[in-house]
Amino acid sequence: MASMNKVFLAGNLTRDPEIRYSQSGKAVADLNLAINRKFKTASGELKEDTCFVNVVVWDRQAELAGEYLRKGSGILVEGSLRLDQWESNGEKRSRLRVIADRIQFLDRAKKSEPGDVPDERPAAREKTAAEQEPPPAEEKTDADNLPF
């Protein structure tokens with residue numbers, strides 16, 4: 155029988171990302187994700203349920219998460235489930251986490267406010283008259299080579 159371990163989750167962070175570095179120098183970010191679900195009960199009552207998921211992000215994506223994400227940020231996570239098991243004070247403990255292969259930031263960039271630096275990407279602004287390509291040059295003719 156074939157098996158597959160793949161998850162896609164979209165939700166909001168419940169706190170700021172926690173960044174740390176492994177002994178080998180790799181960045182690791184711990185994210186806590188809240189996923190809300192709205193549904194109607196059999197009696198027609200509207201209810202909301204929230205699922206909280208721990209997500210682990212590695213390397214450059216972890217650094218970017220720490221730099222750009224904050225509590226409340228919306229993200230899409232693609233990854234796999236991993237069950238961690240350990241013993242603490244004689245008690246067996248376990249937790250299910252998502253190991254992210256990829257995260258995507260879902261929130262739009264904030265609107266510019268006075269004092270913000272304007273977006274200077276070429277696609278994000280209109281070209282000024284000086285930046286526009288000049289019209290094609292007219293063909294130069296030699297007065298001595300005129301056919302008339």
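Letter by letter, the sequence shown follows residues 155 to 302 of the working numbering. Where is the CB? At the ideal position from N, CA and C, for every residue including glycine. Quantities reported herein were computed from a predicted structural model and do not represent experimental measurements.
- A buried status is given to alanine 254, since no fewer than 16 other beta-carbon atoms sit within 10 Å of its beta-carbon.
- Closest in C-alpha terms to lysine 160, from the list Gln239, Val210 and Gly233, comes Gly233.
- Following the DSSP letters along the chain, one finds aspartate 213 inside the alpha helix (DSSP H) bounded by residues 213–222.
- Leucine 200 is positioned such that its CB atom lies closer than 7 Å to that of lysine 194.
- The distance from the Cβ of alanine 164 to that of aspartate 213 is about 22 Å, inconsistent with a contact at the 8 Å cut-off.
- Serine 234 is bridged by DSSP to Ile253.
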